[in-house]
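Peer 1: Protein chains in written order, with my numbering: chain A, 1 to 278; chain B, 1001 to 1499.
Note that the Cβ used here is the ideal one computed from N, Cα and C, for glycine as well.
No experiment lies behind these values; they were computed from the predicted model shown.
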Amino acid sequence: MPKKISKLGEGIKLGYLCFVLFFAFVPLFIMIVVSFKSNEQYLSNPWFFDHPSTWKWGNWGIAWDTVSGYISNSIFVSVSGTAITLGIVLMASYAIARYDFPGKNVIFYLVMATMFLPGTVAALVTLFDLLMKLNLVNSLWALVVMAAVGGQVAGVFILRNFIEDIPKELFESAQLDGAGHLQQIRHIILPLSASIISVTCIMDFLGSWNNVILPLLLLRDDALLTIPVGLFRLDGEYVKQYGQLMAGYAISSVPLLLIFLFSMRLFVKGLSAGAVKG
Amino acid sequence: MASSRSSQSDLSSAELSKFKRHQFWQKSRLWLTLYMLCLPTIGSLLLFSYYPKVDVVIMSFFRWVPSQIREFIGFNNFKEAFADPQFWQSFKLVGILLVANLAKLWPGILAAIALHRLASQKLRYLFQVCFVVPMIIPAMVWLLIWKSFYDPDFGLLNRVLKVTGGMELLDGMDTFMPKVASLLSPVFNGFINPVFGGVGGLILLGFFIFGSAGRKELEKSRWGDYGLIIASSLIVPVFAWTGLIQTIPGIVVMLIAIIVAMVLLNKRLGSSWIAWPFLILAGITVFWGELVRLPIGIIAAFAIYEIIRSKRDFYTGKPILMTISLTVITVGSLLILFGNIWTEPLEQFHGGNPAWLGNKDLVIPALIFWGFPWVGTVGVLIYLSGLQNIPQDVYEAAELDGVSPLGMIWHVELPLIMTQVRINLIFLTINTLVAYETFLILLGPDGGPGNKGMVPGLYMFSSAFSEGRFGYACALGMVLFIIILLLTIVYQKYVRVEK
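Okay, here's the thing in structure tokens:
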């Protein structure tokens, strides 16, 4: 970075970043604005808030009644999927990274090869058939299982590399103290890998949260819909009440924003750091 | 245990045997434990990841409706896939989107560079957070908000266009552009089409010249290189002319020939070989139906190179060749822009209520514009991580050489984050080929008006779940998979070589 600071240069940079972010955030702003309007109000003034006395708070009430079920379903699927992924991935990557045993490399390449089979889009077709045979259609557990499976590859890859960098002496001294495998995972790997595990969990959670196609195919009952499918169904209704739709979108965005607030610093740093390592 | 004995030779055979059994048992126990730790990963991947993939291969040979029909039909699904015009038409949309992606990369790159150069640490962090926030909003929410933007009556896009005068501008262009196109049609019919086989051929010639320009030395071995490239370009035409491309064995042999050609190109041409398979593939696409033009076009490019280089050395000849190639490409692009795209009045803007996602002429521009200003959030942060690895000395050295802040982008920052850019480009390409959720949600399973928004993945999805042709969908998926696998292999070499 040049040491002398040019005000014009800084201004250009700030101007460009603000321009880009302005347009990136416009959809969110409009979402909030419209969520307080009726369709008539939206038609007459689409850019900005109307006077507070005319705000349609009822939009949010109706939206909450509709969307709260989607949110709880999505939370169940994403939290369960991420937790199961973490448990399984920790065990596998610990074993692969720490010990030599027959078939270890076969197992690792078995995991990795999944990453190098891109574009098997049609696997969705046969997966659907498999889940039908297992009686998992129209069940949230199908989504939990698939969320857990989907997170394996990146998780094992990242964590194995990380665990290999942890000094062996830590594990050996723990073993001398009588710690078993699970205790070593809990007391050594978890604390030291907290940041990378957090990023991995967040990415898994986001992937599960945003999954569209599988829920669309599998979920039939209204009571089972997750956020993406539920919002998609709402959007499909012929006569749209945009205020209610936008309020629903806004409410659906809150859970992730809350998670982000608590992990913000960790997430921003971890993503950059993780990218370097990757 | 052994320490209790004075020496191992004192062990009786029975005790030695017992010791070995104990040792083996202990090791086996450890191994068993480790296998148990890996079992959930292995089991879940085998059942839910590998089994469906293997099943796709099998079921692509069947006429198949789950739990209803399962009839072996050999290669019929593949024959139908190769003859399916709608399937291959969907790749055309992918091509358009890929070209658009090249333009969409830049806002993210520039944002990362601007972020990296900010003097204030706190300000930089604040902006990083701002770039992450959109990532946190559910993807479906983004999609549906943008979809509402495109609504003819309520949509923000039409409202903004009316207020800013953009709608009148578009209406004026709706009159102007068709007139320009009709003025240009004699150029197409009288010159471009007969000589180049279309404007695509003209642009391709520019790229062939571009690909030739990099050669530094005029060794005699270049004639062998030329021959190999021309021979490679003849593989598909020969199989097409002889009709072998219609048979499965013919296709297999052709693929083998293609792989052999790529290996030979790699050996002869060094790291720059990778451009030619892509150029040839583009040529096959552009010249399909008149494949004789492909080798002729390549020969013409080599001839131009030889003419220029016979009078100039590398350092004065290359700029000339680059100028020629870029001029040809630019002229071709402008001809497409003004002569091929907007050839008829759309009559959608006069009333001020175009249905962007409901009109077959507007749906593709709408898909391209979607997501403006296209700062793919992950992309910005990945570029940023690349930029953070640039040593301070590099900047100081460049500054001493008098490089301007703008020049710094081209000479310092871009080259050093090219790996990240290239990787992002690879993912973008594969993702554009594979992803279809956006199109399904915006346009429905048919791909919108006139199937204009149909991408390969969506076509596979619709074949299975809208038309009930699950076996055919598996075959489509297999074809798509092979294409992407080849791309991935090529890309792996591409990235590694450059490093």
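Can you give the Cα-Cα distance for ILE1426(B) and LEU1480(B), rounded to whole angstroms?
Peer 2: Cα-Cα distance, rounded: 16 Å.
Peer 1: Looking at the structure shown, is PHE1196(B) part of a helix, part of a strand, or coil, going by DSSP?
Peer 2: Correct three-state label for PHE1196(B): helix.
Peer 1: Got a sec, what are the start and stop residues for the beta strand (DSSP E) GLU1071(B) sits in?
Peer 2: Residues 1069 to 1072.
Peer 1: Identify every run of the alpha helix (DSSP H) within the stretch 1222 to 1275 of chain B, keeping only runs that are complete inside it and at least 4 residues long; order them along the chain.
Peer 2: Whole alpha helix (DSSP H) segments, 4+ residues: 1222 to 1241 and 1248 to 1269.
Peer 1: Can you tell which of PRO1107(B), VAL1132(B) and TYR1226(B) has its C-alpha closest to the C-alpha of TRP1273(B)?
Peer 2: The candidate whose alpha carbon is nearest that of TRP1273(B) is TYR1226(B).
Peer 1: Skipping 5 residues on each side, what residues in its chain have a beta carbon closer than 8 Å to that of LEU225(A)?
Peer 2: Cβ within range, chain order: GLY69, TYR70, ASN73, PRO215, LEU219 and ARG233.
Peer 1: Starting from VAL1065(B), follow the beta strand (DSSP E) in both directions and report where the run begins and ends.
Peer 2: First-last of the beta strand (DSSP E) with VAL1065(B): 1062 to 1065.
Peer 1: Looking only at its chain, what residues have a beta carbon closer than 6 Å to the beta carbon of SER1185(B), apart from the 5 residues adjacent to it on each side?
Peer 2: Nothing meets the Cβ criterion.
Peer 1: Using beta carbons (cut-off 8 Å, strictly below), is PHE101(A) in contact with chain B?
Peer 2: With 8 Å as the cut-off, PHE101(A) counts as an interface residue toward chain B.
Peer 1: The alpha helix (DSSP H) spanning ARG233(A) covers which residue range?
Peer 2: Looking at the DSSP string, the run of the alpha helix (DSSP H) that includes ARG233(A) is 227 to 236.
Peer 1: Identify whether ILE1482(B) lies in helix, strand or coil by the three-state DSSP scheme.
Peer 2: ILE1482(B) falls in the helix class under three-state DSSP.
Peer 1: What is the DSSP secondary structure of GLU1168(B), counted as helix, strand or coil?
Peer 2: GLU1168(B): helix per DSSP, three-state reduction.
Peer 1: Give the list of continuous beta strand (DSSP E) stretches no shorter than 3 residues that lie fully inside the stretch 1128 to 1186 of chain B.
Peer 2: Fully enclosed beta strand (DSSP E) runs of 3 or longer: not present.
Peer 1: So, using beta-carbon positions, are SER1333(B) and ILE1203(B) closer together than 8 Å?
Peer 2: Yes, the Cβ-Cβ distance between SER1333(B) and ILE1203(B) is below 8 Å.
Peer 1: Under 9 Å Cβ-Cβ, which residues of chain A neighbour ASP1055(B)?
Peer 2: Neighbours of ASP1055(B) on chain A, chain order: ALA123, VAL125, THR126, LEU127, ASP129 and LEU130.
Peer 1: Is there a Cβ from chain B that is less than 8 Å from the Cβ of GLU10(A)?
Peer 2: With 8 Å as the cut-off, GLU10(A) counts as an interface residue toward chain B.
Peer 1: Touching or not, the stretch 242 to 258 of chain A and the stretch 83 to 103 of chain A, by the rule of three or more beta carbon pairs under 8 Å?
Peer 2: As far as the Cβ criterion goes, the stretch 242 to 258 of chain A does not touch the stretch 83 to 103 of chain A, which means the pair count is below three.
Peer 1: Going straight from the alpha carbon of LEU257(A) to that of VAL1421(B), what length do you get?
Peer 2: Their Cα atoms are separated by approximately 29 Å.
Peer 1: Cβ of ALA24(A) within 8 Å of Cβ of PRO1373(B)?
Peer 2: Yes. Within cutoff.
Peer 1: Whole angstroms is fine: what's the gap from TRP1356(B)'s alpha carbon to GLU1344(B)'s?
Peer 2: Spanning the two alpha carbons is a distance of roughly 17 Å.
Peer 1: Can you give the Cα-Cα distance for ASP65(A) and ASP1153(B), rounded to whole angstroms?
Peer 2: Spanning the two alpha carbons is a distance of roughly 27 Å.
Peer 1: Which residues in chain B have a C-beta closer than 9 Å to the C-beta of HIS280(A)? List them in chain order.
Peer 2: Nothing in the structure corresponds to residue 280(A), since chain A is present only between 1 and 278.
Peer 1: Note down, in chain order, each residue of its chain lying with its Cβ closer than 6 Å to the Cβ of GLY1108(B), except the 5 sequence neighbours on either side.
Peer 2: The answer, listed in chain order, is VAL1375, GLY1376, GLY1379 and VAL1380.
Peer 1: Would DSSP call ARG1309(B) helix, strand or coil?
Peer 2: ARG1309(B): helix per DSSP, three-state reduction.
Peer 1: Consider the Cβ of LEU1147(B): report whether some Cβ of chain A lies at a distance smaller than 8 Å.
Peer 2: For the record, residue 1147(B) in the displayed sequence is Lys; it is not Leu. Yes, its Cβ sits closer than 8 Å to a Cβ of chain A.
Peer 1: DSSP on ARG1215(B), reduced to helix/strand/coil?
Peer 2: If DSSP states are grouped into helix, strand and coil, ARG1215(B) belongs with coil.
Peer 1: Could you give the DSSP three-state label for SER1463(B): helix, strand or coil?
Peer 2: Correct three-state label for SER1463(B): helix.
Peer 1: For TYR16(A) and chain B, any beta-carbon pair shorter than 8 Å?
Peer 2: Answer yes: the Cβ-Cβ gap between TYR16(A) and chain B drops below 8 Å somewhere.
Peer 1: Which whole-angstrom value is the C-beta distance of TRP171(A) and TRP1031(B), which I expect to be below 8 Å?
Peer 2: In the sequence as presented, Trp is not what sits at residue 171(A); that position holds Phe. With 8 Å as the limit, PHE171(A) and TRP1031(B) do not qualify as a contact, their Cβ atoms being about 17 Å apart.
Peer 1: Please state whether the Cβ-Cβ distance between LEU1279(B) and PRO1237(B) is less than 8 Å.
Peer 2: Not a contact, by the Cβ cut-off of 8 Å.
Peer 1: If LEU1440(B) sits next to PHE1461(B), beta carbons under 8 Å apart, how far is it from one beta carbon to the other, in whole angstroms?
Peer 2: Contact holds; Cβ gap of about 7 Å.
Peer 1: Give every residue of the same chain whose Cβ lies closer than 7 Å to the Cβ of LEU1205(B), excluding the five residues on either side of it in the sequence, and list them in chain order.
Peer 2: Excluding residues within five positions, the ones whose Cβ falls inside 7 Å are PHE1196, GLY1297, ALA1300, ALA1301 and VAL1328.
Peer 1: Which residues bound the alpha helix (DSSP H) around HIS1116(B)?
Peer 2: Residues 1085 to 1117.
Peer 1: Hey, out of GLN1128(B), LEU1144(B) and LYS1122(B), whose CA is closest to TRP1370(B)'s CA?
Peer 2: Of GLN1128(B), LEU1144(B) and LYS1122(B), the residue nearest in Cα terms is LEU1144(B).
Peer 1: Give me, in chain order, the residues of the same chain whose beta-carbon lies closer than 6 Å to that of SER1233(B); leave out the 5 immediate sequence neighbours on both sides.
Peer 2: Counting only Cβ-Cβ distances below 6 Å, and skipping sequence neighbours, we find ILE1280, LEU1294, PRO1295 and ILE1298.
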